[in-house]
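Taken in order, these protein sequences are the chains called A and B.
Residue numbering for the first sequence follows my numbering, starting at 1 and increasing by one per position.
Residue numbering for the second sequence follows my numbering, starting at 1001 and increasing by one per position.
For every residue, glycine included, the Cβ atom is placed at its ideal position computed from N, Cα and C.
Being a predicted model, the structure only gives us computed values, none of them experimental.
This report concerns only the one structure given below.
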Amino acid sequence: MNCETCQLKELELEAREIRDVLRCILHTIFFHRTLSLVRPKDVDCEFFEITYCGLPELEKEVDEKIDQFIGWAEKHPNRRSQVCLSFFDEKNKHPGWFGNKTERIYWEQWFINLHVISPKRYSKSNSSKGLTNIGGNALEEISSRRAALESSIHEVLFQIINFANEKRDHIPAIPDTFNHDIMIPSFSDSVFGWNTDVLRRVLNSGHPYSL
Amino acid sequence: MSGMSDSAGGRAGVELMVEQFQLKVLHAVLAVRTPRLLAAAAAPAASFRRRDRWFHLPLHDPPPPPEAAERLEALAPGERLVVDVHLAPAGGGAGAGGEVVERWTVACEPWPDAAGEGLAVNRAYKHCFTLLRSVYAVLRLLPAYRVFRLLCANQSYNYEMVHRVSFFVEPFSRAEEAAMRSHRFVPVETQLGRLVVSVQYLPNLAAFNLEITSLSPSMLIPDYVGSPAAEPMRFFPASLTEATGSAFPPSYQQQRPHSWAPPAFWPHAPAQQGKFSPTPVIYASPTPSPPNFPSGYLQSRLMRGESAPMSIPQLGESRSPVHRQNVLEPGRGFMLPPPSPRRVDTGATGAQESPSECSRLIGRMEGLRTVDPYASPSPRHKGKDSKDESGRFSALSSCDSPRQDDLDDVDYPFAVDDVDMPVSRPGSSDGKEVGDQAGSSSHKSQDAQVGSLVNLLRTARPLRDPSYSSQTSEVASTSSVMSRRTSDALEELQSFKEIRERLLSRSSAKHQAPPEKP
């Protein structure tokens, strides 16, 4: 079985927008790949005029992962990072010396590329314009940056929709529950956040794909 | 996809699947392009039938009438189902077409040869799941969805959203085509042909100057809460003035009377029995109700046609000074008179001994005016990120909790595993940013400021009373602030003026005494 990967367009965002953006993207991917019976809810983003289809049964798990990522982003400001959503099948390996092992066969991975910036970066450029103009210019910059980000999010959502429909043949039979994994950078990680735990999973999966 | 086999389907199964898919797309489009009041949306839906589980995506909004299914059954190969969404001037009546803002097209394009014979029904059915979900998601991403939400929240707008379902339409003119964007979904290959869904839409609806009209008929509102325009000094509870992310107003609107006009787009004339008329039929919107929700922030975004909100502080984002003040000091009215200072024999020394207290008072007043320059300009800003904050699920959702199956429904031959996911309904978190309220400004009139100074002078340590405690006087003055009236303040101001006159006269008398020249 092929493992299809999708690299989503990088989004530049502030820390307070992480939750909105990740919820929107993750739920949209889940909605397209959860082929069992679903009852989505319309969820409005807080900072953007975007409504996405949320799956209530996954809300808690998604929010927990987002919290972890936010914690990581706070400790690693102004860094590029990835959140990886993987779908896999679990198969039992032949029993070994230490008991039965399950093998993960990844059939799809989505890489959400984020660049979390600090709000102070763009406000410094206005310092020369005088104290009286900082407030208005900052608000204008916030507004235009957010508009650009919203447009980028739209692009990413359509990217998900197109990819989800173009790559359909590799999806296994619809199970009762689908196996998935959300990987975020670890606190001791490098720029792209792949830690030993991830590498161990890759090695255990037996699938010859590269990170 | 257990339970789904080629032997059960075959060509008949494929035809049924294609027909159901088209019906499902039609249902999905109408669900979010037919504005209706929230109360109507919350009305008990029809029983959840097995047919609703087609493609594992049940839709509980009012489905298309049975005539639609009958007509789709008779759809010729290659014939398209077209749903046009119009924005028409309100009250235009039937025939007022308006302008097409969206056109959804569903068709099964037949194979030129027998290319699709070997295609498995199971595979096509599974692919339809993804395609339908994409249609469902895109319906919420397009600009018309925002208008739909606006009109659901308040139907007193000068435009109404209507739709027209037909099987043959005139193509757009070149100018119209140029103004529209199009999105063609990846088709699904079936034995019969390629199942194609596409949408053409206007990317910018700013040209439609949506605004609430005053032409709505008068209506007795028993629970009227007033209007900020009529009573600007009135304190409004946060639930009415907060700009929520959703376009839906607070729940009080659900209790307002409304009328639900029956859908008129499916003709029931006996002469047309068994045959669907392609003539355009306008769906009338329900009786409009008086405006009761400040639409400024919603409208401004729509008029701009842009997705991101402007930096203009909106009603919910930055409240009026009246509201802010009342939030800070709920026990006070709009303009609290300054405290009435006690009579005290102040002199120059007394005035000199109170500058620290005066500066503290001024510093307190300045602190109340602090505004966070980095506050989000979005009227939909709900608050800081917190672990307890959960996603807000709007009141209007196309897929609700599961209903009891109608086992007598025999139109659903595909036995698909029934996986009832636990449906969690997270409570809507209303995370207002407390920081915004704490950082709001307060306003004091000049009289109040003078009164404060007078009070300060009054409570300053007297010259002949070294045991006077400034701390207790400050506490006493703070408590006395709460119960003073303007007349008292004016009285004290007068006394202060007299004291001032006395001081000036004394100092001028000293200066006027001619120095003795040697």
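- Among the residues of chain B, none has a CB under 7 Å from the CB of H170/A; the nearest is roughly 12 Å distant.
- Excluding the 5 residues flanking it on each side, E108/A has same chain C-beta neighbours closer than 6 Å at E4, F87, in chain order.
- Residue F1185/B holds the alpha-carbon nearest to the alpha-carbon of R1194/B among L1202/B, F1185/B, Q1200/B, Y1201/B.
- Against chain A, the beta carbon of H1127/B has neighbours under 7 Å at R168, listed in chain order.
- The stretch 41-56 of chain A and the stretch 4-23 of chain A touch, with no fewer than 3 CB-CB distances between them shorter than 8 Å.
- Contact of Y1145/B with chain A by beta-carbon distance below 8 Å involves T51.
- Looking at the DSSP output, V1196/B bridges to A1107/B.
- Listed along the chain, the chain A residues whose CB falls inside 8 Å of the CB of A1179/B amount to none; the nearest CB is some 19 Å away.
- T1130/B: not part of any beta strand (DSSP E); member of the alpha helix (DSSP H) spanning 1121-1141, first to last residue.
- Here T1190/B is not near H32/A, since their CB atoms are 7 Å or more apart.
- Close to A73/A, with beta-carbon spacing below 8 Å, lies no residue of chain B; the smallest spacing is near 11 Å.
- By the beta-carbon neighbour count (other beta carbons within 10 angstroms, threshold 16), P185/A is buried.
- Between the stretch 1080-1089 of chain B and the stretch 1117-1130 of chain B, the count of C-beta pairs closer than 8 Å stays below three; the two stretches do not touch.
- For C24/A, the enclosing alpha helix (DSSP H) stretches over residues 18-33.
- Here the alpha carbons of L1151/B and R1036/B stand approximately 7 Å from one another.
- For V1100/B, the beta-bridge partners assigned by DSSP are H1086/B.
- For the options P1143/B, N1455/B, L1059/B, G1013/B, the alpha carbon positioned closest to that of A1207/B is the one of P1143/B.
- Here N179/A carries a strand assignment [DSSP, helix/strand/coil].
- Per DSSP, S1452/B is one residue of the alpha helix (DSSP H) stretching across 1446-1458.
- For the stretch 20-36 of chain A, the set of positions with a beta-carbon nearer than 7 Å to some beta-carbon of chain B reads R23, T28, F31, H32, L35, S36 in chain order.
- Interface with chain B (7 Å Cβ-Cβ cutoff): N179/A is excluded.
- A direct Cα-to-Cα measurement between K65/A and L55/A gives close to 15 Å.
- A direct Cα-to-Cα measurement between L1059/B and V38/A gives close to 10 Å.
- The beta carbon of S1134/B sits closer than 6 Å to those of F1185, all from its chain and outside the five residues before and after it, given in chain order.
- Judged by DSSP secondary structure, E61/A falls within the alpha helix (DSSP H) whose first and last residues are 56-75.
- Taking 7 Å as the cut-off, the beta carbon of C6/A is found closer than this to the beta carbon of W110/A.
- Considering only I171/A, K93/A, Q82/A, the residue with the shortest C-alpha distance to E12/A is Q82/A.
- Linking L1457/B to S118/A through their CA atoms gives a straight-line distance of about 48 Å.
- Of the candidates S1182/B, V1147/B, Q1200/B, V1147/B places its Cα closest to the Cα of N1209/B.
- Counting along the chain, E1176/B sits inside the alpha helix (DSSP H) bounded by residues 1174-1179.
- Spatial neighbours of C1108/B in its own chain (CB-CB distance under 6 Å, excluding positions within 5 residues in sequence) are listed in chain order as V1018, L1192, G1193, L1195.
- Residues of the stretch 1184-1202 of chain B that bring their beta carbon within less than 8 Å of a beta carbon in chain A comprise F1185, V1186, in sequence order.
- Within the DSSP bridge table, the entry for N92/A names T102/A as partners.
- Contact fails between the stretch 159-168 of chain A and the stretch 1171-1181 of chain B, because fewer than three Cβ pairs, one in each stretch, are under 8 Å apart.
- At a beta-carbon threshold of 8 Å, the residues of chain A lying near S1134/B are H32, I161, A164, N165, ordered along the chain.
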